[in-house]
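Enquirer: Quick one: the structure is below, and I'll ask about it shortly.
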Amino acid sequence: GSAFDALARALATQLQQQVGREVGVEDRPAANGMAAGEAVARAPSDGHTLLLQQTTFVAQPALEPASYDPLRDFQPVAMVATLPLFLAIDARLPIYSVTDLLAQASGESVTVNCGSDIVGTWSHLVAEQFVRDYAFHAPHVAVRGEAGLVQQILA
């Protein structure tokens, strides 16, 4: 599973100890978490169904149609983690800093691709903002899941 799945399972273990009842985790990664959002929105409002989602969950319906409104149908309860982002490139390239990367990316004969896991995730949106802030062209390459992204970078 992903780091997100591992976090959900760790939180479920903690919650189970707190409430003294079994707490299950149902991983629904389809459609960048929209499948999970739809399932939770349809669930009874009895406090037995929780949604662990990243902050881009609020923006996702602007990117794709959704059967729920994240601002109307959900109530934030707690921020449970912060996840770092890092910028990685092929180690065989002579790039050792962001300044080097920007110099390389500004060359007309150079193609720089920007990869992230799945369109609409926080890593994708931050990468797009980085490209816009520094005004260079970098087509987005979406790869399914974190493991696939790492494999693609290393290839």
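So in this note's numbering, the last one in the sequence shown is 233, and the numbering has no gaps at all.
No residue lacks a Cβ here, since even glycine has one placed at the ideal position from N, Cα and C.
Which stretch, first to last residue, makes up the beta strand (DSSP E) that contains Asp195?
Expert: Per DSSP, Asp195 belongs to the beta strand (DSSP E) from 192-195.
Enquirer: Between Ala213 and chain D, is any beta-carbon pair separated by less than 9 Å?
Expert: Of the protein chains in this structure there is only one, and it is not chain D.
Enquirer: The beta strand (DSSP E) with Val219 in it runs from where to where?
Expert: Segment 218-221, the beta strand (DSSP E) holding Val219.
Enquirer: Compute the Euclidean distance between the alpha carbons of Asp195 and Ala205, then round it to the nearest angstrom.
Expert: For Asp195 and Ala205, the distance between alpha carbons rounds to 11 Å.
Enquirer: Below 8 Å, how does it come out for the stretch 109-121 and the stretch 136-147: are there three or more Cβ pairs, yes or no?
Expert: The stretch 109-121 vs the stretch 136-147: in contact.
Enquirer: For Ala216 and Ala183, which I take to be in contact (beta-carbon distance under 8 Å), what is that distance rounded to the nearest angstrom?
Expert: Confirmed, Cβ separation roughly 7 Å.
Enquirer: Which ranges would you report for the alpha helix (DSSP H) in the stretch 105-175 if only whole runs of at least 4 residues count?
Expert: The qualifying runs are 112-120, 138-141, 148-151.
Enquirer: With Leu203 and Thr134 assumed to form a contact (beta carbons below 8 Å), what rounded beta-carbon distance in angstroms separates them?
Expert: So it is a contact: roughly 6 Å between Cβ atoms.
Enquirer: So, for Asp83: in the same chain, excluding its five sequence neighbours on each side, which residues have a beta-carbon less than 6 Å away from its beta-carbon?
Expert: Here the set comprises Asp105.
Enquirer: Span of the alpha helix (DSSP H) holding Arg210?
Expert: Where Arg210 is concerned, the enclosing alpha helix (DSSP H) stretches over 200-211.
Enquirer: Are Val158 and Leu129 close, meaning C-beta to C-beta below 9 Å?
Expert: No, these two residues do not count as a Cβ contact at 9 Å.
Enquirer: Val190: which of Phe214, Pro139, Val101, Leu149 sits nearest, CA to CA?
Expert: Checking every option, the nearest Cα to that of Val190 belongs to Phe214.
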